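Mind the numbering: the sequence shown is residues 1 to 198 in UniProt numbering, read in order.
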Amino acid sequence: MEQNICTQIQSFLEGYKFSEGEIESIKCKLLTLAKDTSIVQFLNLLGKDEHHRALNTKSFFYQLRYGFEVFTINESGWLTNPSWLNHEEIKFGCTSEPEMITINIGMGQNGKWASGHGIDYGGSGEYSSYSIFSKPFNDKQSAFDHEYDYCMNKFQSAIEREESKTQRDSTNFNVSNMRATIKTMKQYVASKKQLSLF
1 MEQNICTQIQ
11 SFLEGYKFSE
21 GEIESIKCKL
31 LTLAKDTSIV
41 QFLNLLGKDE
51 HHRALNTKSF
61 FYQLRYGFEV
71 FTINESGWLT
81 NPSWLNHEEI
91 KFGCTSEPEM
101 ITINIGMGQN
111 GKWASGHGID
121 YGGSGEYSSY
131 SIFSKPFNDK
141 QSAFDHEYDY
151 CMNKFQSAIE
161 REESKTQRDS
171 TNFNVSNMRA
181 TIKTMKQYVA
191 SKKQLSLF
């Protein structure tokens, strides 16, 4: 029975172009779900149709990187989002705009950290929340540093771009607020370094 399910899982995963490493990683976890079930029952556990099964299985691989081993399907047929063990949100800004940059970090079941960010340039912006698809970091500081560097580079590039224009886009890019935010970010990092000395 287990050999049959194992073969079925292997061919199912190969059919959706998972890499060899992904197949091995996913297969052993899925086999525990498949115990005492027929292949039809097992496939129904993965999702209501081929599309759902493929994406749910791929998502399951990504959540395993953070130690989330529960495979639960919601009422819409998608893999349920896991609950992160630790979440931290750090906001940077200036007096007139206190939330120009937000850095979000979260810890998975196995101690790996994910990171995301929100950037407001003064009108336009971008947002990328952390999730199971985020790059895993071994510790909280590395996850924070990754987003800090990304946001700092985005602000500095935006400032340089705006300052090189003859007619600035003040509706979408507030250079003075971005400069003030960069200053608060540098102060935050400097104060953290000072605290670590004691």
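Cβ coordinates follow ideal geometry from the N, Cα and C atoms, glycine included.
Computed from a predicted model, the values in this text were never measured in an experiment.
By the 10 Å Cβ neighbour count, where 16 or more other Cβ atoms means buried, how is residue i classified, buried or exposed?
| i | result |
| --- | --- |
| Pro82 | buried |
| Tyr66 | buried |
| Thr181 | buried |
| Asn153 | exposed |
| Met1 | For Met1, the predicted model reports a pLDDT of 40, less than 50, meaning its position is unreliable and no value from the coordinates is stated. |
| Gly21 | exposed |
| His146 | buried |
| Gly123 | exposed |
| Asn104 | buried |
| Lys183 | exposed |
Provide the residue span of the beta strand (DSSP E) that contains residue i, from first to last.
| i | result |
| --- | --- |
| Met107 | Ile101 to Met107 |
| Lys112 | Taken as a continuous stretch (DSSP letters only), Lys112 belongs to no beta strand (DSSP E), as it is neither H nor E. |
| Asn86 | Asn86 to Phe92 |
| Ser128 | Gly125 to Ser128 |
When you compare each of the options to residue i by their alpha carbons, which one comes out closest?
| i | options | result |
| --- | --- | --- |
| Lys91 | Ser142, Ile119, Ser176 and Lys154 | Ile119 |
| Glu89 | Thr95, Thr80 and Glu99 | Glu99 |
| Tyr62 | Gly93, Ile26 and Leu45 | Ile26 |
| Ser176 | Ser191, Leu85 and Thr95 | Thr95 |
| Gly108 | Asn44, Lys140 and Thr171 | Lys140 |
| Asn74 | His52, Gly106, Lys112 and Thr102 | His52 |
| Ile101 | Asp49, Asn174 and Cys151 | Cys151 |
| Glu126 | His117, His146 and Lys48 | His117 |
| Tyr188 | Leu30, Glu69, Ser129 and Gly93 | Gly93 |
| Glu24 | Ser170, Lys186, Tyr148 and Leu64 | Leu64 |
| Tyr121 | Pro136, Thr184, Lys183 and Phe173 | Phe173 |
| Tyr130 | Trp84, Met185 and Phe155 | Trp84 |
| Thr72 | Ala158, His146, Asn86 and Leu46 | Leu46 |
| Phe137 | Lys112, Phe60 and Glu147 | Lys112 |
| Leu55 | Asp169, Asn86, Phe133 and Ile159 | Phe133 |
Could you give the residue range of the alpha helix (DSSP H) that holds residue i?
| i | result |
| --- | --- |
| Glu160 | Lys140 to Glu163 |
| Asn56 | Glu50 to Leu64 |
Since residue i and residue j are thought to touch, with beta carbons under 8 Å apart, how far apart are those beta carbons, to the nearest angstrom?
| i | j | result |
| --- | --- | --- |
| Gly77 | Lys48 | 5 Å |
| Phe144 | Ser115 | 7 Å |
| Tyr148 | Met178 | That pair is no contact at about 15 Å. |
From the DSSP secondary-structure annotation, give me the bridge partner or partners of residue i.
| i | result |
| --- | --- |
| Phe71 | BP columns for Phe71 are empty, so no partner. |
| Phe137 | Trp113 |
| Leu79 | Ile73 |
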